[in-house]
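If you're matching positions, the sequence shown starts at 124 in my numbering and goes up one per residue. First up is the structure itself, then whatever we jot down about it.
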Amino acid sequence: MIQQVTKVFRDVWGYDQFRPLQEDSIRCVLDKQDSLTVLPTGGGKSLCFQAPALCCDGMAVVVSPLISLMKDQVDALQACGVAAEFANSTQTADEKRRVAERIRAGEIKLLYMAPERLLSPRTLDFLQSNHVSFFAIDEAHCISAWGHDFRPEYRGLRTLKELFPSASVHAYTATAAEDVRNDIAQQLGLSGAKILVGDFDRPNLNYRMLRSDGRLQQVMEVIGRHPGESGIVYCISRKEVERTANAINAVGGRATGSRALAYHAGLDDHQRKSNQNAFIKDECDVIVATVAFGMGIDKPDVRYVVHAGMPKSIEHYQQESGRAGRDGLESECVLIYSGGDVVTWKRIMEGGGSNNAAIASLDAMANLCGSVVCRHKALVEYFGQKYEHQNCGSCDVCLGELDLVDDPITLSQKILSCVIRQGERFGSAHTAKVLAGSKDQRIHQFGHDKLSTYGLLADEGQASARMWIDQLVAQGYLLRSGEYHLLSLSETGRRLLKRDGDPKLTKPTSKSSR
Ligand code: ADP
Ligand code: ZN
């Protein structure tokens, strides 16, 4: 059977080799063994179910969360001559009837649907009387409340295992955090599923995370390094998108000849599509976008991705920055962040009634930005994998580009001592206040203004103290535990008190010392 898939790979898509894990993942489908495939964005997940679907008897049902994504995929498949269709609310009654007839005639190999449509009693009934070969659950992290994109409709997919005992279920996601991974398998009721996890490192990407210091200028510098090359600039809000695109065209247009177009949900469909196509066809160099841009976009030669504001989770960062360098050539990812971005996101999230998991994801992103750990290592480990290299040679930390304090050990000792003096029973905010010598009522109440560490960092200020605490946590000298994130010293933290260790702390910027 696998030979047949190899042939389909070549004949339909023109590919003569499998990407890592594609073959294993495809074998699960052919063997009807339930599976979860975790590959980073661009890893080639779609072909893991599309190609075997053409070789199996019956029709594969693909669950996808977004109508736009569905349509793009089906269009692409039809363009390759594959019998694929979708069923969704944008269709007229006639179109729906036509698709249903083709399914009954056994003409369709891949049917795309959103979960709410699939799970309607009528659809389930209809599918049960037709031959479903397997279910492919795309963007499967949507089923997990631990993930960054929870969609309650996905929860109902659990019934598929019961209603279709002879069809296997295969899930696909780019979110590899181990708790999410296990939750997906459990929520789908996949017992004994094969879990395949790909390599998350993208060695051809150079990562830089810069504290915001004249954002637009920082963005222009990156663009200026890539004249005539394709790049994406992500902004948090539509307004920022417009402002940035205009600025690039005004300033950049003269300096680098780069032409920018905007992309966000506020533009009408036609405009959005046309801007996206212009980017794909190299008619513009830069696309300035909100997170709305990118799902299903596959442009191999994107040479840089700039985040002009902090993304709202590490998962988003991985996906968005991952759109650079799909062709495997060296590419640059620059993230510009400020404490204000966290506040902006929290405001947006509160409007949307967001949960604690979303806030935790946001905090994890902010911590990663402020940390002084190899970016490749931090990203890979966040996604639950080990990173073996000591120095990646391709991130701001390993390249020594960060502005570090001269005597980090002494500075760390001040912070660690403070945590100890407080009995290791307080969180970061409180500790930063004590170190900065805050007159806060609570500090007084606990008698912490009497500690010898009170005010030790009065010159540097509370924001800097807070930043260094985060950096010590990221480097494992401090631990944050329990519901209240209380700080305590790790084993390496205790050794650091005896000057044994190699912490790295960044110099405060003018902004953080205020
Ligand atoms: P994902 O869904 O994991 O983000 P896609 O399935 O969209 O990734 O694949 C990304 C790109 O890689 C697509 O253009 C796809 O056609 C291409 N691709 C997938 N598998 C292969 C392969 N074995 N060889 C070459 N290109 C591939
Ligand atoms: Zn590195």
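Each residue gets a CB set at the ideal place from its N, CA and C atoms; glycine is no exception.
_Check your reading: residues with Cβ closer than 6 Å to the ligand ZN heavy atoms_ = Cys-497, Arg-498, His-499, Cys-515, Cys-518, Val-520, Cys-521
*CA-to-CA distance, Glu-230 to Tyr-138, given in whole angstroms*: Your numbering for residue 138 matches position 15 in the sequence shown. Your numbering for residue 230 matches position 107 in the sequence shown. Near 25 Å, if we compare the C-alpha coordinates of Glu-230 and Tyr-138.
*From the DSSP output, which residues share a beta bridge with Ile-231?*
The sequence position of residue 231 within the sequence shown is 108, counting from 1. According to DSSP, which records beta bridges pairwise, Ile-231 is partnered with nothing at all.
_Can you tell me whether Met-124 is buried or exposed? The criterion is at least 16 other CB atoms within 10 Å of its CB, across all chains shown._
As a working mapping, residue 124 is identified with position 1 in the sequence shown. Exposed is the call here.
*Got a sec, what are the start and stop residues for the beta strand (DSSP E) Phe-141 sits in?*
In the sequence shown, the residue the question calls residue 141 occupies position 18. Phe-141 -> no beta strand (DSSP E), and no H or E assigned at all.
*Please state if the CB of Cys-541 and the CB of Val-528 are separated by a distance shorter than 8 Å.*
Translated into positions along the sequence shown, residue 528 becomes position 405. Translated into positions along the sequence shown, residue 541 becomes position 418. In this structure, Val-528 sits away from Cys-541, with a CB-CB distance that is not shorter than 8 Å.
*asked:* Can you find the residues in the same chain that come closer than 8 Å, C-beta to C-beta, to Ser-636, ignoring five residues on each side of it along the sequence?
replied: On the sequence shown, residue 636 is found 513 positions in, with the first residue counted as 1. Note that Ser-636 has pLDDT 38, beneath the 50 cutoff, so the model's placement of it is unreliable and the number below is only indicative. For Ser-636, where only same-chain residues beyond five positions count, the Cβ hits under 8 Å are Glu-583, Gly-584, Ala-586, Ser-587.
*asked:* Any heavy atom of the ligand ADP inside 7 Å of the beta-carbon of Gln-145?
replied: The residue labelled residue 145 in the question sits at position 22 within the sequence shown. Gln-145: yes, Cβ under 7 Å from the ligand ADP.
*Considering only C-alpha positions, which residue in the set Phe-287, Met-488, Ala-316, Asn-514 is nearest to Asp-248?*
Within the sequence shown, numbered from 1, the residue matching residue 248 stands at position 125. Nearest of Phe-287, Met-488, Ala-316, Asn-514 to Asp-248, Cα basis: Phe-287.
*asked:* Quick test of your reading: Ala-385 and Val-414, contact by CB under 8 Å. State the CB separation rounded to the nearest angstrom.
replied: In the sequence shown, the residue the question calls residue 385 occupies position 262. In the sequence shown, the residue the question calls residue 414 occupies position 291. Not really, about 14 Å apart at Cβ, beyond 8 Å.
_On the criterion of 16 or more Cβ atoms from any shown chain inside 10 Å, does His-553 qualify as buried, or is it exposed?_
Position 430 of the sequence shown holds residue 553. Label assigned to His-553: buried.
_Nearest-angstrom Cβ-Cβ length linking Val-255 and Gly-181, presumed shorter than 8 Å_ = Start at 1 with the first residue of the sequence shown, and residue 255 comes out as number 132. Start at 1 with the first residue of the sequence shown, and residue 181 comes out as number 58. A Cβ-Cβ separation of about 6 Å places Val-255 in contact with Gly-181 under the 8 Å criterion.
_Reduced DSSP category for Met-433 - H, G, I as helix; E, B as strand; rest coil_ = Indexing the sequence shown from 1 puts residue 433 at position 310. The answer is coil: DSSP assigns Met-433 none of H, G, I, E or B.
*Straight-line gap, His-349 to Val-409 (C-alpha atoms, nearest Å)*: The sequence position of residue 349 within the sequence shown is 226, counting from 1. The sequence position of residue 409 within the sequence shown is 286, counting from 1. Approximately 10 Å, taken between the alpha carbons.
*If Cys-456 and Asn-327 are in contact, beta carbons under 8 Å, what's the gap, nearest whole angstrom?*
Within the sequence shown, residue 456 is the residue found at index 333, counting from 1. Within the sequence shown, residue 327 is the residue found at index 204, counting from 1. Cys-456 to Asn-327, Cβ: 10 Å. No contact.
*Are the segment 303-314 and the segment 458-475 in contact at 8 Å, needing three or more beta carbon pairs?*
The segment 303-314 vs the segment 458-475: no contact.
*Report whether the distance from the Cβ of Phe-416 to the nearest heavy atom of the ligand ADP is below 7 Å.*
For the purposes of this step, residue 416 is taken as the residue at position 293 of the sequence shown. Checking the Cβ of Phe-416 against the ligand ADP gives no.
*For Val-520, I'd like the list of residues in its chain whose CB is within less than 7 Å of its CB, leaving aside the five on either flank, ordered along the chain.*
Counting from 1 along the sequence shown, the entry for residue 520 is found at position 397. Cβ within range, chain order: Val-495, Val-496, Cys-497, Arg-498.
*Using DSSP bridges, identify the partner residues of Glu-455.*
What you label residue 455 is simply residue 332 of the sequence shown in a count that begins at 1. DSSP output for Glu-455 lists Asn-329, Tyr-427 as bridge partner(s).
*For Ser-243, which residues from the same chain have a beta carbon less than 6 Å from its beta carbon, with the 5 sequence-adjacent residues on both sides left out?*
Walking along the sequence shown from the start, residue 243 turns up at place 120. Closer than 6 Å at the Cβ level, and outside the excluded window around Ser-243, lies no residue.
*Return yes when at least one heavy atom of the ligand ADP lies under 7 Å from the C-beta of Leu-612, else no.*
Position 489 of the sequence shown, counted from the start, is the residue given in the question as residue 612. Not so, every heavy atom of the ligand ADP lies at least 7 Å from the Cβ.
*Between Leu-200 and the rest of its own chain, which residues show a CB-CB distance below 7 Å, the 5 nearest in sequence each way excluded?*
Residue numbering aside, residue 200 sits at position 77 when the sequence shown is read from its first letter. So the qualifying residues of the chain are Gln-173, Ala-207, Leu-233.
*Taking all protein chains shown into account, do 16 or more other C-beta atoms lie within 10 angstroms of the C-beta of Pro-175, making it buried, or fewer, making it exposed?*
Against the sequence shown, residue 175 aligns to sequence position 52. Buried, since its Cβ has 16 or more Cβ neighbours within 10 Å.
_Selected residue, minimal CA-CA separation from Arg-245, among Leu-162, Lys-219, Arg-449, Leu-580_ = Residue numbering aside, residue 245 sits at position 122 when the sequence shown is read from its first letter. Checking every option, the nearest Cα to that of Arg-245 belongs to Lys-219.
*Runs of beta strand (DSSP E) wholly within the segment 550-587 (minimum 3 residues, chain order)*: none
_Reference Cys-518; option with closest CA among Glu-453, Arg-617, Ala-383_ = Along the sequence shown, one-based indexing puts residue 518 at 395. Comparing alpha-carbon positions, the option among Glu-453, Arg-617, Ala-383 lying closest to Cys-518 turns out to be Glu-453.
_Shorter than 7 Å, the distance from the beta carbon of Lys-317 to the closest heavy atom of the ligand NAP, or not?_
You won't find the ligand NAP in this model; what it holds is the ligand ADP and the ligand ZN.
*asked:* Just to confirm the assignment, what range does the alpha helix (DSSP H) spanning Phe-402 have?
replied: The residue given as residue 402 occupies position 279 in the sequence shown. 392-403 is the span of the alpha helix (DSSP H), which, as asked, contains Phe-402.
*Does the distance from the C-beta atom of Phe-209 to that of Leu-502 stay below 8 Å?*
Looking up residue 209 in the sequence shown gives position 86. Looking up residue 502 in the sequence shown gives position 379. No, they are not a contact pair.
_Going by beta-carbon coordinates alone, are Ala-431 and Cys-407 separated by less than 8 Å?_
Against the sequence shown, residue 431 aligns to sequence position 308. Against the sequence shown, residue 407 aligns to sequence position 284. Against a cut-off of 8 Å, the Cβ pair of Cys-407 and Ala-431 comes out as no contact.
*Identify the residues that DSSP records as bridge partners of Leu-159: which are they?*
Translated into positions along the sequence shown, residue 159 becomes position 36. According to DSSP, Leu-159 bridges with Ala-294, Ile-318.
_Residue span of the alpha helix (DSSP H) that contains Ala-368, given as start and end_ = Numbered from 1 along the sequence shown, position 245 holds the residue referred to as residue 368. First-last of the alpha helix (DSSP H) with Ala-368: 361-370.
*Nearest CA to the CA of Arg-274: which residue from Glu-262, Arg-227, Leu-283?*
By 1-based counting over the sequence shown, the position of residue 274 is 151. That would be Glu-262, whose Cα lies nearest to the Cα of Arg-274.
*Secondary structure at Cys-521, three-state DSSP: helix, strand or coil?*
Along the sequence shown, read from residue 1 onward, the residue named residue 521 stands at position 398. Looking at Cys-521 - three-state DSSP - the assignment turns out to be coil, as it is neither helix nor strand.
*Three or more C-beta pairs closer than 8 Å, one from the segment 279-295 and one from the segment 475-494: is that the case here?*
Contact between the segment 279-295 and the segment 475-494 is absent, because fewer than three Cβ pairs lie under 8 Å.
*Below 8 Å on the Cβ atoms is my guess for Val-184 versus Leu-241; work out the distance and round it to an integer in Å.*
In the sequence shown, the residue the question calls residue 184 occupies position 61. In the sequence shown, the residue the question calls residue 241 occupies position 118. That belief holds up - the Cβ atoms of Val-184 and Leu-241 are roughly 7 Å apart, short of 8 Å.
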